[in-house]
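Q:
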Amino acid sequence: MQTTQIEALKKIVGQDHVLTTPEDLYTYSYDATPGHAHMPDAVVIPGTTQEVSEIMKFANENKIPVYTRGSGTNLSAGTVPTKGGIVLLMTRFNKIEEVDLENLVATVQVGVIVSDLNDEVAKNGLIYPPDPGTVATATLGGTISENAGGLRGLKYGVSKHYVMGLEVVLANGDILKTGGKNVKDVSGYDMTKLFTGAEGTLGVLTKAIVKLVPAPEAKKSMMAIFKDLDDAGRAVSGIVAAKIIPATLEIMDNATIRTVDDYAKIGLPLDAEAILLIEVDGIPEVVEKEATKVMEVLKSNNAAEVQIAKTDAERDQLWAARRAALPALAKLRPTTYVEDATVPRSQVPAFLKAVKEISARNNVTIGTFGHAGDGNMHPTIVCDLRNKEEMERVYKAMDEMFKAAVELNGTLSGEHGIGLGKLPWMEYQHGTQGMNAMKAIKRALDPNLILNPGKLVGEC
Amino acid sequence: MTKQITASDINAHDKELLNDLQDALANCMKCGNCMAVCPIYKETSKESSVARGKLALMEAVLNGTLPISAGFDTAMAKCLNCKSCTFKCPCGVKADELILRGRQAAVKSRGLHPIKKNVFRLLRNRQLFDFALKMGGTFGPLTFKKIPGKMAAVSRFPMPGMDAKRATAPISSSPLRSQYPEVIKVANPKFKAAFFTGCTINYMYTDVGESVINVLKENDVEVVIPGTQHCCGTPVYVSGDVDLAKEMAKKTIETFEKFNVDYIIGACGSCTEALKEYPHWLHDDKEWHARAEKLAKKTFEISEFLVDVLDFRKDTLGPVNATVTMHDPCHMVRGLKITKQPREVLKAIPGLKFVEMKDCDRCCGSGGSFSLANYDLSRQINDKKVANIANTKADIVATSCGTCRMHIQDGILQNDMNQDVVHTVQLLDRAYKAGKSK
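Sequence order for the protein chains is A and B.
The working numbering puts the first sequence at residues 34 to 493.
The working numbering puts the second sequence at residues 3 to 440.
Below, the structure is given as structure tokens:
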């Protein structure tokens, strides 16, 4: 970018809100995804929707790439400024504008941290359910753009199930509003869903109207240990077939169990093929009833051991293993890829077996844990990015893994998004026609291809 | 223009530093969890303020993308050393230590900031330092206006490096160590303990020193206050001048070795942590490392000593009728991991109502000299602390660090509140006194 262009941006947002020193630029060259980094030309921090509009208009006229960014905790390289240009940092959009208790919706600027929103609505006994692992750091805008999910996905769904309306600035600077507070709204294309999960390729989100739900009154956690993976798989299907939708239904594979126990020394059985962690929530009486039923299903599917938490302390103890999964794996080696390939839940055992074979065949360390109830797995590859030979094996394993997921009628991403990380397999999942349709939408809304170029749908 | 120093220059300069840094830095998976807890990032929302960003900048220097520039130096300086990031990190990256190493690299290639250079020159020479601060105490009333009722003063004249409205503790007209003999005997000594006073207690908060001595005497401990003790070296160490810090650590070890004591007691989280960390500072010198280990094993923070070693007397305690809340200094909670003991001390005092504040262990924004260089930012961080204090309706804030006390007292005054900030041990002293006047 030229100096005069930087000056023009400073005129829009003020001197202090444009960062250009090499040190500042470097710190916006990455996100939480290993292996992708590129310096932007400027970091611009707008304070109002009007300013975003002016920046977009200017960028569009000058064909400058724009990458919208929140806290940059995403795991798909979706915010890496691969073609230089402007990183549009939305952290100043940090106000919760309204909590509407009559309609159970909140109007929130996109820079608000998700857990701050939850703290605010908790005062009224409500929750905003999407709870990605980075909930204490990630911005609402980022989670909406990546269509983030979390541990409660099985019962509560992902971001798109809670976004009712958006304020969006288009590539040309037009400001538009989609959706609103209406529970029923079938007027026109579902533009709200289109921009949700678009990873900043179709517009810049500035504000969202989100649905809130009553906080569950009670919770109950259980843990079951399985010597046989298929038994664990049947238990997962069995719970849902018994018409119980737990808030959380998590699985850890043998590699993860071993790593976690080695790290946290919590006495997990090292020969177990899988551990299931289940939490039911809701009205106390229902929770009791459901917990009993879940225990029955676990036992009838040959769980070697079943524990139920009677107190909060016991609940914490059960969750300790699951919480330690990522840290324990991440500490093994310098580089950590947390993937989120997802399969229909009936295919979870088949997918875990496939990952195990892929890991052995390519001599790559992969531990898998994840949300068994919704089929959203987190095969986590640990390696060293600096070792070229190893990385070749890692990329080959990744390739086989994502193809395996798609072949099991799964999808590349359950909650992290595509970005650059999973772009190579998009066509494999969606076919040429699918990609062409997506690219057509991209070209229609962003004809100069300045919004997060090269991501999600690739080059257009 | 400053000469740009590249990765290869540093490599030649200090290869070891470069190598072990590289692996430690690679372990940061850039998940951004540190953003949730970094007090500075919470205020600035800029990546260069948070551990993830700083570690990335160090990587950039090591891989030759960026030089060690003024910007690098500034980024490394914007850290309170509160250790929150390290405690939050899922991968166990010791970000606080790495950032100090980053500062060290900056010092090695760019030299110390001129102001720091002068201050450290003063610190190197104990007698000169002592003289300067004694003079400050004697002529203090000329330059500082005391604020009634509090251990606080504001400067009458503009002072370099200090915000005009800022309240600090007045420099004592007579330092603690000159008020007491080197050995304070008791009738039936249970133990002999040396008191590491640290600079703030010796020159400013002599009231804390007094209480430490009273409380130890009350518990039949003979107190030794080595006259030639000096600064623990923390300010120098965290600024990146590790060589001088090592020199100061050795001086401290030598000084305390001369007295055959059972324990060494500190009354400041940071100083006490430093003494306990000397073996780490001196890890590459076999002889000094062994001597440092001996000293470290004997070192206790006062409330830790009272509770874990002494099981302090409770039968002679009188009432202190006040509502008290507690601020946990970073180096107490995350450095020494001492949080229960000061609370046990307070809870043992009759009449005292203890109320926990929200985020009691969040950094107050002082960060030693950080608040000197970044007053407005440290004020913003502190305002959150002060708001949490206000919510407790406490009349007194107890804490175990001089610089936290100073910064919080300033915050209370700036926010037109009137709570008193004291060291935990002062309240215990008050209770023993109340017990006597019964």
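Idealized CB from N, CA, C, for every residue including glycine.
Since we're looking at a predicted model, the values are computed, not measured.
(1) By the 10 Å Cβ neighbour count, where 16 or more other Cβ atoms means buried, how is Asn-29 (chain B) classified, buried or exposed?
(2) Leu-227 (chain A): which of A:Glu-250, A:Ala-251, A:Val-201, A:Thr-325 sits nearest, CA to CA?
(3) First and last residue of the beta strand (DSSP E) that includes His-404 (chain A)?
(4) If we ignore side chains and look at the alpha-carbon of each, how far apart do Pro-160 (chain B) and Met-408 (chain B) end up?
(5) By the three-class DSSP mapping on this structure, what secondary structure does Asp-286 (chain A) have?
(6) Can you tell me whether Pro-162 (chain B) is helix, strand or coil according to DSSP?
(7) In chain order, what residues of the same chain lie with their CB nearer than 8 Å to the CB of Ala-288 (chain A), ignoring the 5 residues before and after it?
(8) Please list the partners that Lys-32 (chain B) has in chain A, where partner means a Cβ-to-Cβ separation under 9 Å.
(9) How do the segment 300-316 of chain B and the segment 51-58 of chain B stand: do at least 3 beta-carbon pairs fall below 8 Å, yes or no?
(10) Tyr-161 (chain A) CB to nearest chain B CB: under 8 Å?
(11) Of all the options A:Pro-55, A:Lys-210, A:Thr-66, A:Asp-133, which has the alpha carbon lying nearest to the alpha carbon of Ser-71 (chain B)?
(12) Determine the contact status of Asp-261 (chain A) and Glu-306 (chain A), defining contact as a CB-CB distance below 8 Å.
(13) Restricting to Cα atoms, I'd like to know which of A:Val-313, A:His-404, A:Lys-298, A:Asp-286 is closest to Asp-304 (chain A).
(14) Show which residues of chain A have a CB atom less than 7 Å away from the CB atom of Ala-38 (chain B).
(15) Mind the definition here: the segment 74-88 of chain B touches the segment 398-406 of chain B only if three or more C-beta pairs lie below 8 Å; say whether that holds.
(16) For Arg-381 (chain B), report the span of its beta strand (DSSP E) as first-last.
(17) Using 10 angstroms around the beta-carbon of Phe-133 (chain B), count the other beta-carbons present and answer buried if the total reaches 16, otherwise exposed.
(18) Can you tell me whether Lys-252 (chain A) is helix, strand or coil according to DSSP?
(19) Just the Cα atoms here: how many angstroms apart are Ile-146 (chain A) and Gly-175 (chain A)?
(20) Quick test of your reading: Phe-193 (chain B) and Asp-264 (chain B), contact by CB under 8 Å. State the CB separation rounded to the nearest angstrom.
(21) Would you tell me roughly how many angstroms separate the C-alpha atoms of Cys-416 (chain A) and Thr-368 (chain A), rounded to the nearest one?
(22) Please report how far the alpha carbon of Leu-441 (chain B) lies from the alpha carbon of Asp-418 (chain B), in whole angstroms.
(23) Quick one: is Glu-338 (chain A) buried, meaning 16 or more other Cβ sit within 10 Å of its Cβ, or exposed?
(24) In the DSSP assignment, find the unbroken alpha helix (DSSP H) run with Phe-435 (chain A) in it and report its ends.
(25) For the alpha helix (DSSP H) that Tyr-434 (chain B) lies in, which residues bound it at each end?
(26) Specify the secondary structure class of Tyr-100 (chain A) as computed by DSSP and reduced to three states.
(27) Name the DSSP beta bridge partners of Phe-193 (chain B), please?
(28) By the 10 Å Cβ neighbour count, where 16 or more other Cβ atoms means buried, how is Gly-271 (chain B) classified, buried or exposed?
(29) Quick one: which residues of the segment 77-107 of chain B get their C-beta closer than 8 Å to a C-beta of chain A? List them in chain order.
(30) Cα separation between Pro-162 (chain B) and Asp-222 (chain B)?
(31) Give me the Cα-Cα distance between Glu-283 (chain A) and Thr-274 (chain B), rounded to the nearest whole angstrom.
(32) Look at the Cβ atom of Thr-197 (chain A), then the Cβ atom of Lys-210 (chain A), and state whether they are nearer than 8 Å.
(33) Does chain B have any CB closer than 8 Å to the CB of Asp-295 (chain A)?
(34) Enumerated in chain order, which unbroken segments of the beta strand (DSSP E) with a length of 3 residues or greater are wholly contained in the segment 323-350 of chain A?
(35) Are the beta-carbon atoms of Tyr-195 (chain A) and Tyr-161 (chain A) separated by less than 8 Å?
(36) What does Asp-57 (chain A) touch in chain B if you count any residue whose Cβ is under 8 Å from its own?
A: According to the structure shown:
(1) In the second sequence, counting from the first residue as 1, residue 29 (chain B) sits at position 27. Looking at its Cβ environment, which holds 16 or more other Cβ atoms inside 10 Å, Asn-29 (chain B) is buried.
(2) Mapped onto the first sequence, residue 227 (chain A) falls at position 194. Minimum Cα distance to Leu-227 (chain A) is reached at A:Val-201.
(3) Your numbering for residue 404 (chain A) matches position 371 in the first sequence. Run containing His-404 (chain A): 398-404, per the beta strand (DSSP E) assignment.
(4) Here residue 160 (chain B) refers to the residue found at position 158 of the second sequence. Here residue 408 (chain B) refers to the residue found at position 406 of the second sequence. At Pro-160 (chain B), the pLDDT of 49 sits below 50, so the modelled position is not reliable; the number obtained from the coordinates is stated separately. Taken atom to atom, the span from the alpha-carbon of Pro-160 (chain B) to that of Met-408 (chain B) is near 19 Å.
(5) In the first sequence, counting from the first residue as 1, residue 286 (chain A) sits at position 253. Looking at Asp-286 (chain A) - three-state DSSP - the assignment turns out to be strand.
(6) Sequence index remark: in the second sequence, residue 162 (chain B) carries index 160 (1-based). A caution first: Pro-162 (chain B) carries a pLDDT of 48, below 50, which makes its placement in the model too unreliable to give a value.
(7) Here residue 288 (chain A) refers to the residue found at position 255 of the first sequence. Excluding sequence neighbours, Ala-288 (chain A) sits near Lys-389, Ser-392, Thr-398, Ile-399, Gly-400, Thr-401.
(8) Translated into the one-based positions of the second sequence, residue 32 (chain B) becomes position 30. By Cβ distance, chain A contributes Tyr-63, Asp-64, Ala-65, Thr-66, Pro-67, Gly-105, Thr-106.
(9) Touching, no.
(10) The residue labelled residue 161 (chain A) in the question sits at position 128 within the first sequence. At a cut-off of 8 Å between C-beta atoms, Tyr-161 (chain A) does not count as an interface residue with respect to chain B.
(11) For the purposes of this step, residue 71 (chain B) is identified with residue 69 of the second sequence, where counting begins at 1. Looking at the Cα atoms, A:Pro-55 is the closest of the given residues.
(12) Numbered from its first residue, the first sequence carries residue 261 (chain A) at position 228. Numbered from its first residue, the first sequence carries residue 306 (chain A) at position 273. Cβ atoms of Asp-261 (chain A) and Glu-306 (chain A): closer than 8 Å.
(13) Mapped onto the first sequence, residue 304 (chain A) falls at position 271. The residue with the shortest Cα to Cα distance from Asp-304 (chain A) is A:Asp-286.
(14) What you label residue 38 (chain B) is simply residue 36 of the second sequence in a count that begins at 1. Ala-169, Thr-170, listed in chain order.
(15) The answer is no - the segment 398-406 of chain B does not touch the segment 74-88 of chain B, with fewer than three Cβ pairs under 8 Å.
(16) Numbered from its first residue, the second sequence carries residue 381 (chain B) at position 379. It is not in any beta strand (DSSP E) - Arg-381 (chain B) instead sits in the alpha helix (DSSP H) that spans 377-394.
(17) Start at 1 with the first residue of the second sequence, and residue 133 (chain B) comes out as number 131. So Phe-133 (chain B) ends up on the exposed side.
(18) Position 219 of the first sequence, counting from 1, holds the residue named residue 252 (chain A). For Lys-252 (chain A), the three-state secondary structure derived from DSSP is strand.
(19) Walking along the first sequence from the start, residue 146 (chain A) turns up at place 113. Walking along the first sequence from the start, residue 175 (chain A) turns up at place 142. Rounded to whole angstroms, Ile-146 (chain A) to Gly-175 (chain A) spans 9 Å at the Cα level.
(20) As a working note, residue 193 (chain B) is residue 191 in the second sequence. As a working note, residue 264 (chain B) is residue 262 in the second sequence. So it is a contact: roughly 4 Å between Cβ atoms.
(21) Residue numbering aside, residue 416 (chain A) sits at position 383 when the first sequence is read from its first letter. Residue numbering aside, residue 368 (chain A) sits at position 335 when the first sequence is read from its first letter. Cα-Cα distance, rounded: 5 Å.
(22) Here chain B comprises residues numbered 3 to 440, so residue 441 (chain B) is not present and cannot be evaluated.
(23) Along the first sequence, read from residue 1 onward, the residue named residue 338 (chain A) stands at position 305. Counting Cβ neighbours within 10 Å, Glu-338 (chain A) comes out exposed, since fewer than 16 surround it.
(24) On the first sequence, residue 435 (chain A) is found 402 positions in, with the first residue counted as 1. In the DSSP assignment, Phe-435 (chain A) falls within the unbroken alpha helix (DSSP H) covering 421-440.
(25) Start at 1 with the first residue of the second sequence, and residue 434 (chain B) comes out as number 432. Element bounds for Tyr-434 (chain B): 426-438.
(26) In the first sequence, counting from the first residue as 1, residue 100 (chain A) sits at position 67. Here Tyr-100 (chain A) sits in strand by DSSP.
(27) By one-based count along the second sequence, residue 193 (chain B) stands at place 191. Its beta-bridge partners are B:Val-223.
(28) Taking the first residue of the second sequence as 1, we reach residue 271 (chain B) at position 269. Burial call: buried.
(29) Ala-77, Pro-92, Cys-93, Gly-94
(30) Mapped onto the second sequence, residue 162 (chain B) falls at position 160. Mapped onto the second sequence, residue 222 (chain B) falls at position 220. Because Pro-162 (chain B) carries a pLDDT of 48, less than 50, the predicted location of this residue cannot be relied on, and the following value inherits that uncertainty. A direct Cα-Cα distance of roughly 45 Å separates Pro-162 (chain B) from Asp-222 (chain B).
(31) Numbered from its first residue, the first sequence carries residue 283 (chain A) at position 250. Numbered from its first residue, the second sequence carries residue 274 (chain B) at position 272. Straight-line Cα distance between these residues: approximately 44 Å.
(32) For this step, residue 197 (chain A) is matched to residue 164 along the first sequence. For this step, residue 210 (chain A) is matched to residue 177 along the first sequence. Note that residue 197 (chain A) is Met in the sequence shown here, rather than Thr. The answer is no: Cβ separation not under 8 Å.
(33) By 1-based counting over the first sequence, the position of residue 295 (chain A) is 262. Answer no: the Cβ-Cβ gap between Asp-295 (chain A) and chain B never drops below 8 Å.
(34) 338-341
(35) As a first step, residue 195 (chain A) must be located in the first sequence, where it is residue number 162. As a first step, residue 161 (chain A) must be located in the first sequence, where it is residue number 128. In contact: Tyr-195 (chain A) and Tyr-161 (chain A) (Cβ atoms closer than 8 Å).
(36) Taking the first sequence and counting its residues from 1, the one referred to as residue 57 (chain A) is at position 24. Under the 8 Å cutoff, chain B gives Lys-48, Glu-49, Ser-50, Gly-73.
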